[in-house]
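Heads up: the sequence lines are chains A and B, in that order. Residues are numbered in my numbering as their position in the first sequence, beginning at 1, plus a constant of 9. Residues are numbered in my numbering as their position in the second sequence, beginning at 1, plus a constant of 9. Backbone N, C-alpha and C define an ideal beta-carbon position, used for all residues, glycine too. Predicted, not measured: the structure shown is a model, and the values here were computed from it.
2 protein chains.
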Amino acid sequence: MKILFDRPIISGEKKYIVIENDIITYIGTDRPEGDFDRIISGDRKMMMPGLYNCHTHVPMTLFRGYAEDLPLHEWLHEKIFPAEELLTEKSVYISSKFAIAEMIKNGVVSFTDMYSFSDKIAEASIETGIKANIGRALLCFDPNLKLKDDFRFHEAENLFKNYHNSGNGRIKIDMSIHAEYTNLFGYVKETAEYTKEIGANMHVHISETISEHNECIERNGMTPTEFFYKAGLFESPTTAAHCVHVTDSDMEIMREKGVSVAHNPVSNLKLGSGVMRLPVMLEKGINVTFGTDGCASNNTLDILKEMYIAAILHKGVNLKPDIIPVSEIIKMATENGALSQRRELCGKIEIGYKADIILLDMNDFNMIPLYDTDAALYSINSSNVCMTMADGEVLYENGEFTTIDIEKLKFDMRDICAATYNAKS
Amino acid sequence: MKILFDRPIISGEKKYIVIENDIITYIGTDRPEGDFDRIISGDRKMMMPGLYNCHTHVPMTLFRGYAEDLPLHEWLHEKIFPAEELLTEKSVYISSKFAIAEMIKNGVVSFTDMYSFSDKIAEASIETGIKANIGRALLCFDPNLKLKDDFRFHEAENLFKNYHNSGNGRIKIDMSIHAEYTNLFGYVKETAEYTKEIGANMHVHISETISEHNECIERNGMTPTEFFYKAGLFESPTTAAHCVHVTDSDMEIMREKGVSVAHNPVSNLKLGSGVMRLPVMLEKGINVTFGTDGCASNNTLDILKEMYIAAILHKGVNLKPDIIPVSEIIKMATENGALSQRRELCGKIEIGYKADIILLDMNDFNMIPLYDTDAALYSINSSNVCMTMADGEVLYENGEFTTIDIEKLKFDMRDICAATYNAKS
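As structure tokens, then:
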């Protein structure tokens with residue numbers, strides 16, 4: 010399959026781009042010779058690398074709008090945890106597929122997930138053609154529990170065996186320690202050793218709230234970052250979500266160990282967790298990317314929105330309008346996402362890279378006039394995404410999905426939300 | 010003209026709504042008898058009052074993305090002010106109409122503007138059917154200038170004479186003192202007296218940045234709010250934009266004098282101005298509504314976005330997820346906006362109120378599932394708006410404008426931005 014993109018705007022210039030199978034093979038201002046299976050018009054379109062959502066819990070689309078404006082403890086213990094008790098393989102499969110459709114429509118080509126019933130998330134991912142790093146959340150409250158006796162660990166182990174590098178390599182299986190406050194040191198240490206042994210990535214929540222951070226210090230005499238460092242977690246390539254309350258010395262550990270941070274500005278604001286110190290992390294050279302978190306705390310899976318809010322939020326809270334250039338925000342959502350997921354030759358539009366590409370419609374109001382393509386981020390929203398391609402395969406184009414029966418999926422999603430959680434519509 | 014809305018969801022319930030000419034005459038669960046000129050399906054639609062944008066500068070759509078990531082002084086003095094020198098009647102007319110189209114598409118039924126060439130803004134508004142409170146920005150740096158000798162004041166005076174209550178009452182003319190740092194006490198006092206005499210509203214910028222606030226104290230021994238209070242500005246119904254750095258005692262003055270505050274969270278973040286203390290203002294009982302500010306500092310005219318960002322921002326910076334309920338945010342953007350503009354029987358969907366109404370499509374991903382209609386604000390975006398009606402007139406429906414030739418307008422907008430400011434597209 011050989012596809013020609015006919016002069017979309019890319020980094021401010023109109024260029025031809027050629028895709029052969031899953032690889033970008035030409036970028037230039039001269040029209041390349043030869044025949045093409047398909048020519049995609051770039052007229053009034055802007056091309057960007059596909060976006061990465063490096064921290065989410067896709068089945069939580071079930072809980073979009075389910076519990077709002079509540080104190081965190083009440084929200085979790087009275088609403089979210091009881092709702093999660095009702096999860097089934099079927100509801101996880103449908104809601105994951107629904108979440109993936111939403112992400113594809115919003116220009117996301119790859120996501121990193123941590124949840125349960127993760128084999129169903131993997132199956133939904135493979136069917137849709139999206140890329141995903143998927144992990145089964147590991148929790149342990151029993152000091153006598155050995156890793157080899159834990160059903161969650163066995164699920165994670167089987168997930169790795171059955172799905173790692175499946176879907177033509179689009180699916181990777183990560184190990185996922187949920188968090189410090191839901192685990193014990195010995196269990197974490199054993200998991201860290203196993204993760205290193207199998208060569209997997211690690212995905213973990215760190216210092217999302219100030220109480221989580223402070224209670225860890227009370228319990229262990231160290232911060233969550235120090236706790237995980239000591240347990241050897243960072244010996245595998247790690248993505249740490251949230252990191253709102255990490256200290257400067259935590260950041261030094263992260264930088265030294267190459268830990269990637271998934272910044273979730275919307276979730277952190279909405280749950281009242283606070284504002285992560287993004288400018289400091291970037292200055293220290295930490296690889297920071299974006300996550301949406303789950304739909305119970307966002308309530309969308311929209312990386313362009315995370316990018317936009319991060320772009321303006323840190324200017325505002327630091328009273329400094331030039332604190333982070335927009336080009337850095339774009340790099341975070343693309344190149345840094347690929348590094349977080351350890352996907353080589355991904356996250357950039359360059360020759361030899363995987364064809365993970367989105368097109369944005371520059372003919373909508375919010376895109377007129379156009380002075381600078383990077384600066385367009387300040388007015389773009391996800392409704393401007395008009396094409397999403399992963400590994401050279403068009404997954405979404407002008408409102409249509411190529412791999413998903415979307416009307417059936419909407420019906421199934423409404424049906425299961427109404428039946429299980431009394432959704433109105 | 011008699012229109013029946015056939016059971017959209019309104020405040021969580023499916024209801025029939027009847028519009029006769031410009032007024033809401035029926036709301037109920039029983040189908041009303043009689044014939045209708047038009048029946049609008051409410052299937053999978055949510056109905057809300059139309060939104061108010063109570064602080065903007067519509068011609069600044071010309072500068073969307075024109076100057077980004079710069080320190081405030083450089084942004085203003087090296088980019089925005091020189092660009093404004095090139096404004097013409099034609100460019101203001103086209104860009105205003107373009108801005109109005111964008112707002113209508115985003116569910117805005119009324120806006121409050123402060124700029125120059127304001128007669129052109131009024132003309133564009135009348136043609137489109139939107140409601141608007143329009144003012145000519147008044148600035149004075151010359152201590153010897155008398156109000157009656159000021160060309161800007163004469164433009165404001167003529168604007169009032171020619172356009173106040175025009176467009177079937179949809180257009181109101183406000184007086185607009187730009188700000189303390191661009192004015193002198195005597196000029197402000199004279200303007201305040203004139204404003205009271207003609208019975209107009211007042212629109213003013215107050216304490217947008219900390220330096221503006223502190224420099225006013227250095228110059229005058231009082232805060233901007235105290236300065237304007239002493240000059241008698243608040244003797245007319247006033248809308249004060251930004252108010253990021255007002256003190257508690259400033260807030261007391263505002264509450265006492267019934268000053269409305271236009272909260273511009275996006276602009277305040279993007280320009281690095283800071284975060285207004287919204288929860289404190291609401292607790293004091295100040296009438297707070299929303300504004301987008303101009304497109305040079307936002308970069309869109311999207312009140313649903315302001316609402317969403319305000320809804321999550323104040324939770325985040327106050328570390329309190331239940332600090333402002335979403336119902337309060339909706340009231341701010343509707344009812345409080347009507348009060349700010351002094352429009353009676355506007356801003357609510359109630360019998361006897363003006364038919365200023367929007368419909369939102371609940372069939373898009375971000376709206377599935379639906380548990381609570383108010384909470385849907387956390388996932389709505391402006392692309393969900395599928396109908397905008399002002400005074401009973403449908404201005405926008407399913408992508409089509411009824412009063413605007415949108416393709417011509419896009420062409421004209423691109424043309425003038427390219428010719429005057431070297432826009433790329």
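Proximal chain B residues relative to residue i, where beta-carbon distance stays under 7 Å
i	result
R423 of chain A	I377 and P378
R73 of chain A	P378 and S388
L81 of chain A	P330
I321 of chain A	V275, L278 and K279
K324 of chain A	L278, K279 and G281
K106 of chain A	Result: empty, since nearest Cβ-Cβ is about 12 Å, beyond 7 Å.
Endpoints, the beta strand (DSSP E) within which residue i is located
i	result
N181 of chain A	Before going further, note that residue 181 of chain A is Lys rather than Asn in the sequence given. I180 to I182 is the extent of the beta strand (DSSP E) around K181 of chain A.
G43 of chain B	Segment: none, G43 of chain B is in no beta strand (DSSP E) and carries neither H nor E.
P58 of chain A	K54 to P58
A399 of chain A	V394 to A399
Y380 of chain A	Taken as a continuous stretch (DSSP letters only), Y380 of chain A belongs to no beta strand (DSSP E), as it is neither H nor E.
M123 of chain B	V117 to Y124
A271 of chain B	S269 to H272
L147 of chain B	K140 to L147
D424 of chain B	D424 of chain B -> not in any beta strand (DSSP E); alpha helix (DSSP H) instead, spanning I415 to Y430.
Cβ-Cβ distance between residue i and residue j below 8 Å
i	j	result
F3 of chain B	T137 of chain B	The requested residue 3 of chain B does not occur in the structure, where chain B is confined to residues 10 to 434.
V275 of chain A	A249 of chain A	no
E435 of chain A	I32 of chain A	The question about residue 435 of chain A has no answer, for chain A in this structure spans 10 to 434.
I182 of chain B	I226 of chain B	no
I139 of chain B	A399 of chain B	yes
I321 of chain A	K279 of chain B	yes
Y196 of chain B	E221 of chain B	no
A146 of chain B	S185 of chain B	yes
V253 of chain B	T234 of chain B	no
Minimum Cβ-Cβ distance from residue i to chain B less than 8 Å
i	result
H308 of chain A	Going by the sequence as given, residue 308 of chain A is Asn instead of His. Cβ-Cβ to chain B under 8 Å: yes for N308 of chain A.
D46 of chain A	no
C426 of chain A	yes
V117 of chain A	no
D414 of chain A	no
A384 of chain A	yes
K88 of chain A	no
E136 of chain A	no
D302 of chain A	no
K433 of chain A	yes
I103 of chain A	no
Any C-beta of chain A under 8 Å from that of residue i
i	result
N62 of chain B	no
A133 of chain B	no
R53 of chain B	yes
D15 of chain B	no
E93 of chain B	no
Closer than 9 Å at the beta carbon, the chain A residues around residue i
i	result
K419 of chain B	N372, F374 and I377
D122 of chain B	Simply none; closest approach about 17 Å.
A110 of chain B	F374
V27 of chain B	Correct list: empty, because the minimum Cβ distance to chain A is about 23 Å.
Host alpha helix (DSSP H) of residue i (start-end)
i	result
I318 of chain B	I312 to V326
Y387 of chain A	Premise fails: Y387 of chain A is in no alpha helix (DSSP H) and is neither H nor E.
F160 of chain A	F160 to Y172
T137 of chain A	S127 to T137
T343 of chain B	Here T343 of chain B belongs to no alpha helix (DSSP H), and DSSP marks it neither H nor E.
L287 of chain A	L287 to K293
M263 of chain A	D257 to K266
Y102 of chain A	E98 to K114
Proximal chain A residues relative to residue i, where beta-carbon distance stays under 7 Å
i	result
V403 of chain B	Within 7 Å Cβ-Cβ: nothing; V403 of chain B doesn't reach chain A, min ~19 Å.
V335 of chain B	E77 and D78
K114 of chain B	F374
Contact list for residue i against chain A, beta-carbon separation under 8 Å
i	result
V67 of chain B	Those do not exist, as V67 of chain B stays about 13 Å from chain A at its closest Cβ, beyond 8 Å.
Contact between the stretch 95-106 of chain A and the stretch 114-121 of chain A: three or more CB pairs below 8 Å? No, the stretch 95-106 of chain A is not in contact with the stretch 114-121 of chain A.
Just checking, does the stretch 341-350 of chain B make contact with the stretch 10-17 of chain B on the three C-beta pairs under 8 Å criterion? Verdict: no, contact absent.
Are there three or more Cβ pairs, one per stretch, closer than 8 Å when the stretch 363-373 of chain A is compared with the stretch 398-418 of chain B? The stretch 363-373 of chain A makes no contact with the stretch 398-418 of chain B: fewer than 3 CB pairs, one atom from each, lie closer than 8 Å.
Within the chosen definition, does the stretch 80-91 of chain A reach the stretch 57-68 of chain A through at least 3 CB pairs nearer than 8 Å? Fewer than three beta-carbon pairs drawn from the stretch 80-91 of chain A and the stretch 57-68 of chain A are found closer than 8 Å, and the two stretches are therefore not classed as touching.
Inter-stretch contact at 8 Å, needing at least 3 Cβ pairs: the stretch 168-182 of chain A / the stretch 213-225 of chain A: Cβ pair count under 8 Å is below three, so no.
Are there three or more Cβ pairs, one per stretch, closer than 8 Å when the stretch 379-399 of chain A is compared with the stretch 386-394 of chain B? With the cut-off at 8 Å, the stretch 379-399 of chain A and the stretch 386-394 of chain B touch.
If you pair each beta-carbon of the stretch 367-383 of chain B with each one of the stretch 14-30 of chain B, do three or more pairs fall below 8 Å? A contact is defined here as three or more CB-CB pairs under 8 Å, and the stretch 367-383 of chain B meets this definition with respect to the stretch 14-30 of chain B.
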